[in-house]
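Participant: Here it is, the structure in full.
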């Protein structure tokens, strides 16, 4: 389930699936987007997103990640987050893997607890994140770390992520709440302008047809089918590159 509550001018949204380590499926992507819209309608000045339990978001729920419907729901959610005029803070209280990392980088600011980890292990299953995610990781963490995450399936802990700039502050949810409270008291029009300028100037739309074709080819490949079968059988995948 997705819970939300108002803390003064801050809208706090909680991914509450600790039994699934807060993994996202189609339903929860849509519920999370709806919760964001509901908070905005209530007039909050800042959003804080966190996970219940020991994980922020362990990624996509593999029971549904293989369908186009999940991709549409996830990218609709991420697009809504970046298009909002108000700032969003991710309180990364534990692992943020795959879609969890995407959710964290779609926020404007990130606070990471000691147990936080970031990773995008799509190459283990012949999945693919969209070009926006690739560029966002490169802008926030730098080209080298982004390559390690995407090409080497490496992970970054909280300290490393903070050192590289992927994380803005270290601390638990109370630290994140305090910062969100401060941000909520700042000038809304200035924040809206700053966010719009950052999004538009630093991240123009990706329109390279070759990049888009390569992204779609991953999802349409025989290796994609093999990755799904290997995941279901809990065995190493045998990829052929086709």
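In this note's numbering, the protein residues as written are 600 to 841.
Cβ coordinates follow ideal geometry from the N, Cα and C atoms, glycine included.
For clarity, every value in this text was computed on a predicted model and none was experimentally measured.
(1) Start and end of the alpha helix (DSSP H) containing residue 814?
(2) What residue range is occupied by the uninterrupted alpha helix (DSSP H) comprising residue 776?
(3) Starting from residue 710, trace the beta strand (DSSP E) in both directions and tell me its first and last residue.
(4) Buried or exposed for residue 665, going by 16 or more other Cβ atoms inside 10 Å?
(5) Determine whether the beta carbon atoms of residue 673 and residue 725 lie at a separation below 7 Å.
(6) Note down the Cα distance separating residue 815 from residue 720, rounded to an integer number of angstroms.
(7) Quick one: Cα of residue 611 to Cα of residue 626, how far?
(8) When the distance is taken between beta carbons, is residue 697 closer than 7 Å to residue 658?
(9) Do residue 676 and residue 631 have their C-beta atoms closer together than 7 Å?
(10) Going by beta carbon distance, what residues of the same chain come within less than 7 Å of residue 619, once the five residues before and after it are set aside?
(11) Quick one: any contact between the segment 770 to 782 and the segment 690 to 705, if contact means 3 or more CB pairs under 8 Å?
(12) With distances taken between CB atoms, is the gap from residue 650 to residue 621 smaller than 7 Å?
(13) Just tell me which of 711, 828, 652 has its CA closest to the CA of residue 756.
(14) Compute the distance between the beta-carbons of residue 925 and residue 656, then report whether it is under 7 Å.
(15) If distances are taken between C-alpha atoms only, which option among 806, 786, 819, 723 comes closest to residue 829?
(16) Hey, how far is the Cα of residue 680 from the Cα of residue 633?
(17) Residue 754 to residue 763, Cα distance in whole Å?
Facilitator: Based on what the coordinates show:
(1) Taking the first residue of the chain shown as position 1, residue 814 is located at position 215. That run of the alpha helix (DSSP H) goes 808 to 818.
(2) Position 177 of the chain shown, counted from the first residue, corresponds to residue 776. Here the alpha helix (DSSP H) through residue 776 covers 772 to 783.
(3) Locating residue 710 in the chain shown gives position 111, counting from the first residue. Note, residue 710: beta strand (DSSP E), 708 to 711.
(4) Taking the chain shown and counting its residues from 1, one reaches residue 665 at position 66. Looking at its Cβ environment, which holds 16 or more other Cβ atoms inside 10 Å, residue 665 is buried.
(5) Within the chain shown, numbered from 1, the residue matching residue 673 stands at position 74. Within the chain shown, numbered from 1, the residue matching residue 725 stands at position 126. Their beta carbons are not under 7 Å apart, which means residue 673 does not touch residue 725 by this criterion.
(6) Counting from 1 along the chain shown, the entry for residue 815 is found at position 216. Counting from 1 along the chain shown, the entry for residue 720 is found at position 121. Cα to Cα, the separation comes out at about 17 Å.
(7) The sequence position of residue 611 within the chain shown is 12, counting from 1. The sequence position of residue 626 within the chain shown is 27, counting from 1. Taking the straight line from one Cα to the other gives about 19 Å.
(8) One-based indexing of the chain shown puts residue 658 at position 59. One-based indexing of the chain shown puts residue 697 at position 98. The answer is yes: Cβ separation under 7 Å.
(9) Indexing the chain shown from 1 puts residue 676 at position 77. Indexing the chain shown from 1 puts residue 631 at position 32. Closer than 7 Å, so yes.
(10) Residue mapping note: residue 619 aligns to position 20 of the chain shown, counting from 1. Same-chain partners within the cutoff: 660.
(11) yes
(12) Along the chain shown, read from residue 1 onward, the residue named residue 650 stands at position 51. Along the chain shown, read from residue 1 onward, the residue named residue 621 stands at position 22. Their beta carbons are under 7 Å apart, which means residue 650 touches residue 621 by this criterion.
(13) Counted from its first residue, the chain shown places residue 756 at position 157. Among 711, 828, 652, the Cα nearest to that of residue 756 belongs to 711.
(14) A query on residue 925 cannot be resolved here, the shown segment of the chain reaching from 600 to 841 and no further.
(15) Indexing the chain shown from 1 puts residue 829 at position 230. Cα-wise, what sits closest to residue 829 is 723.
(16) Numbered from its first residue, the chain shown carries residue 680 at position 81. Numbered from its first residue, the chain shown carries residue 633 at position 34. If you take the alpha carbons of residue 680 and residue 633, they lie about 11 Å apart.
(17) The residue labelled residue 754 in the question sits at position 155 within the chain shown. The residue labelled residue 763 in the question sits at position 164 within the chain shown. Residue 754 and residue 763: Cα-Cα distance of roughly 13 Å.
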